[in-house]
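Counting from 46, one number per residue, gives the positions in the sequence shown under my numbering.
Here is the structure we will look at, set down as structure tokens.
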Amino acid sequence: MNKCIIFTNGLTIIPYNDMAGFVNQYLYNERPGEWNLFNSIEKENLSKRIIGAIKNHILQNGLMPGDRLATEREMAEAFGVSRASVREAVKILEAIGVLEARPKHGISVKEFDPQALFKYLSFVPSINKKTIIEMYELRRAVDIGIVEMVIERVTEDQLEVMGQHLEAMREALERPVEFYTHDWAFHFATYEATGNQATQALGRVLSEFFVTAHREWWDWESIDLEHFQNHERIFLALKARDPNGMRQAVWDHFDTGMRQWVKRTQ
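Written as structure tokens, this is what we have:
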């Protein structure tokens, strides 16, 4: 007889002896309400398979933050794997912000954290020109895409902060490190102005990526005046609540930036 266990929300887990049985029942829903798993998972990609099964369970059953899953022992029995394998999969899901495991509380679905969604994006072990250009294209798309949100939601206090960073950039045209510090702060202030946590999290990791890229590739000896002027155009369009003008200024800023990357890293 196949072993089965009950999840804390009353969901039955039925281990399956073969992948075909799992696919037939899981994908085609021959037994609605049941989460069916194969009894023996191959060692290859073991963690990936367990992770996929747990994520599918969460999605298919509409589990919400705080809802508990089975224990490591129960899942190990259901999957036909060791507790160590389940523990490894759970730790990976903890690291990416899907699950939370606490002593005496068990394993539960974690509240969505936008920062966890993007936190690995900024870590690129080897940054090359192709990667930089692609990230520039991504950042340009993001910055143009948030223009409406920024214009609608920016506060006077936030405008004042952005203006202060812009003025500091003007005064630091001969001091590249100081200039770029305020440059990045200026851009992050625009992400903050959206009031959108996912946008803020993405903006943070994009900024971290470009800080790293600047250290490795950028010429710290000089600053192109056009670079500052583009920031000024972005700010003035924002103050005027001019979405078309701001989008064009953002486009020009990143277009100039990409051309400078190519020129200075040849």
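Built from N, CA and C at the ideal position, the CB exists for glycine as well.
1) Based on DSSP bridge pairs, tell me the residues matched to Gly151.
2) Here's the rule: buried if 16 or more other CB atoms are within 10 angstroms of the residue's CB, otherwise exposed. What is Phe231?
3) For Gly97 and Val131, what's the separation of their Cα atoms in angstroms?
4) Could you have a look at Arg198 and say whether DSSP puts it in helix, strand or coil?
5) Using three-state DSSP, classify Arg220 as helix, strand or coil.
6) Buried or exposed: where does His102 fall if 16 or more other Cβ atoms within 10 Å of its Cβ makes it buried?
7) Helix, strand or coil for Arg118? Go by DSSP, reduced to three states.
8) Kindly indicate which three-state DSSP category Gln293 falls into: helix, strand or coil?
9) Buried or exposed: Ile279, going by 16 or more other Cβ atoms within 10 Å of its Cβ?
10) What residue range is occupied by the uninterrupted alpha helix (DSSP H) comprising Ala282?
11) Out of Asn90, Val206 and Gly190, state which residue places its alpha-carbon closest to the alpha-carbon of Ala294.
12) Per DSSP, which one or two residues make a beta bridge with Arg113?
13) Give me, in chain order, the residues of the same chain whose beta-carbon lies closer than 7 Å to that of Pro288; leave out the 5 immediate sequence neighbours on both sides.
14) Give me the Cα-Cα distance between Thr176 and Leu183, rounded to the nearest whole angstrom.
15) I'd like the list of long-range same chain contacts for Met214, defined as Cβ closer than 8 Å, with 5 residues on each side in sequence excluded.
16) Who are the Cβ neighbours of Gly240 in its own chain at under 8 Å, not counting the five residues just before and after it?
17) Need the endpoints of the alpha helix (DSSP H) that Thr176 sits in, please.
18) Give the single residue among Asp188, Asp112 and Val256 whose Cα lies nearest to the Cα of Leu283.
19) Could you round the C-beta distance between Ala238 and Gln203 to whole angstroms and report it? I think they count as a contact, below 8 Å.
20) Given that a residue counts as buried once 16 or more other Cβ atoms are within 10 Å of its Cβ, and exposed if not, what is Arg220?
21) For a test of the three-state rule: what should DSSP assign to Asn101, helix, strand or coil?
22) With DSSP collapsed to three states, give me the class of Gly248.
Quick look at the numbers:
1) Partner(s): Arg147.
2) By the neighbour-count rule (16 or more Cβ atoms within 10 Å), Phe231 is buried.
3) Between the C-alpha atoms of Gly97 and Val131 there is a straight-line separation of about 12 Å.
4) Correct three-state label for Arg198: helix.
5) The answer is coil: DSSP assigns Arg220 none of H, G, I, E or B.
6) Burial is judged here by how many other beta carbons sit within 10 angstroms of a residue's own beta carbon; His102 has at least 16 and is buried.
7) Per DSSP, reduced to three states, the secondary structure at Arg118 is helical.
8) Three-state DSSP puts Gln293 in a helix.
9) When all chains shown are included, Ile279 counts as buried.
10) Segment Leu270 to Lys284, the alpha helix (DSSP H) holding Ala282.
11) Selected option, being the one with the closest Cα: Gly190.
12) According to the DSSP secondary-structure assignment, Arg113 is paired through a beta bridge with Ser153.
13) Cβ within range, chain order: Val192, Glu193 and Ile196.
14) Rounded to the nearest whole angstrom, the CA to CA distance from Thr176 to Leu183 is 10 Å.
15) These residues qualify, in order along the chain: Phe224, His227, Asp228, Phe231, Phe273 and His276.
16) Short of 8 Å from the beta carbon of Gly240, and not among the five residues preceding or following it, lie these beta carbons of its own chain, in chain order: Met194 and Arg198.
17) Unbroken alpha helix (DSSP H) run through Thr176: Lys174 to Gly190.
18) Closest option to Leu283, Cα to Cα, is Asp188.
19) Indeed they touch by this definition, with Cβ atoms about 5 Å apart.
20) With fewer than 16 other Cβ atoms within 10 Å, it is exposed.
21) Here Asn101 sits in helix by DSSP.
22) In the structure shown, the three-state DSSP call for Gly248 is helix.
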